[in-house]
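*Asks:* If you scroll down you'll find the structure; I have some questions about it.
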Amino acid sequence: MERTYLMVKPDGVQRNLIGEIVSRFEKKGFTLVGAKLMTLSKELAETHYGEHKERPFFGELVSFITSGPVFAMVWEGENVISTARSMMGQTNPAEAAPGTIRGDYGVQVSMNVIHGSDSQASAEREISLFFNEQELNNYEKEVNKWV
Ligand code: DAT
Ligand code: MG
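This is the structure we're talking about:
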């Protein structure tokens, strides 16, 4: 079963969107495997966003993502990586379709509410960066036979 790393960013936490965002993935039919509220160190933020370190917005990105707590989550389900990306919407909320998380709640690209892994490789990398095995719960939900 596929797993992905999702994170409500500091703007989403400040705007009381944790519950709304968790609810969307629960209602969709995915399974929450692990979650925690945490404040990222500069080192962890730079590692997480390492692929962007040469981009002009890297400094701003790291200072934003460390500016307050984030809600880190691992979700499980069939095709959860790409489906979660669709549910999030385009990176720039101005281009994200209504009905997506960024389309419904975001305005500008630097504060776009949520992060989600973009591939199998990044999901594995990000899950192990933010969670250890003891924090990840392996369990079955009865309802999954209807999902
Ligand atoms: P995504 O978060 O959709 O995977 P990304 O990996 O390209 O997008 O970029 C990571 C984050 O960096 C993104 O969520 C917000 C920020 N970002 C991307 N492009 C930006 C830009 N042109 N100006 C400012 N911030 C940007
Ligand atoms: Mg990305």
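Count along the sequence shown starting at 1, add 520, and that's the number in the working numbering. All C-beta atoms, glycine included, are put in the ideal place defined by N, C-alpha and C.
1. Just checking, does the segment 581-598 make contact with the segment 526-543 on the three C-beta pairs under 8 Å criterion?
2. I'd like to know whether the C-beta of G588 is nearer than 8 Å to at least one C-beta of chain B.
3. Express the C-alpha separation of E662 and G636 in angstroms, rounding to a whole number.
4. Alpha carbon to alpha carbon, how far is K562 from G623?
5. Going by alpha carbons, who is nearest to I538 out of V528, E580, V594 and F545?
6. Start and end of the beta strand (DSSP E) containing R523?
7. Please go through the same chain and pick out, in chain order, the residues whose beta-carbon is closer than 7 Å to the beta-carbon of L656, but skip the five residues on each side of it.
8. Heavy atom of the ligand DAT less than 7 Å from the Cβ of L656, yes or no?
9. Among all the DSSP beta bridges, which residues are the ones paired with I698?
10. What residue ranges within the segment 538-567 form continuous alpha helix (DSSP H) runs of no fewer than 4 residues, ordered along the chain?
*Replies:* To lay it out plainly:
1. With three or more CB-CB distances shorter than 8 Å, the segment 581-598 counts as touching the segment 526-543.
2. In summary, chain B is missing from the structure at hand, where a single protein chain is found.
3. Position 116 of the sequence shown, counted from the first residue, corresponds to residue 636. Position 142 of the sequence shown, counted from the first residue, corresponds to residue 662. Going by the C-alpha atoms only, they are around 26 Å apart.
4. Here residue 562 refers to the residue found at position 42 when the sequence shown is read from its first residue. Here residue 623 refers to the residue found at position 103 when the sequence shown is read from its first residue. Taking the CA atoms as reference points, K562 sits about 28 Å from G623.
5. As a position in the sequence shown, residue 538 is number 18, starting the count at 1. Closest option to I538, Cα to Cα, is V528.
6. Along the sequence shown, one-based indexing puts residue 523 at 3. It spans R523 to V528 - the beta strand (DSSP E) in which R523 sits, taken as one unbroken run.
7. The residue given as residue 656 occupies position 136 in the sequence shown. Excluding five sequence positions before and after L656, the CB atoms of its chain that fall closer than 7 Å to its own CB belong to V553, G554 and V594, given in chain order.
8. In the sequence shown, the residue the question calls residue 656 occupies position 136. False, no ligand heavy atom lies under 7 Å from that Cβ.
9. Absent from the structure is residue 698, since the part of the chain shown begins at 521 and ends at 667.
10. Listed in chain order, the alpha helix (DSSP H) runs fully inside the segment 538-567 are 538-548, counting runs of at least 4 residues.
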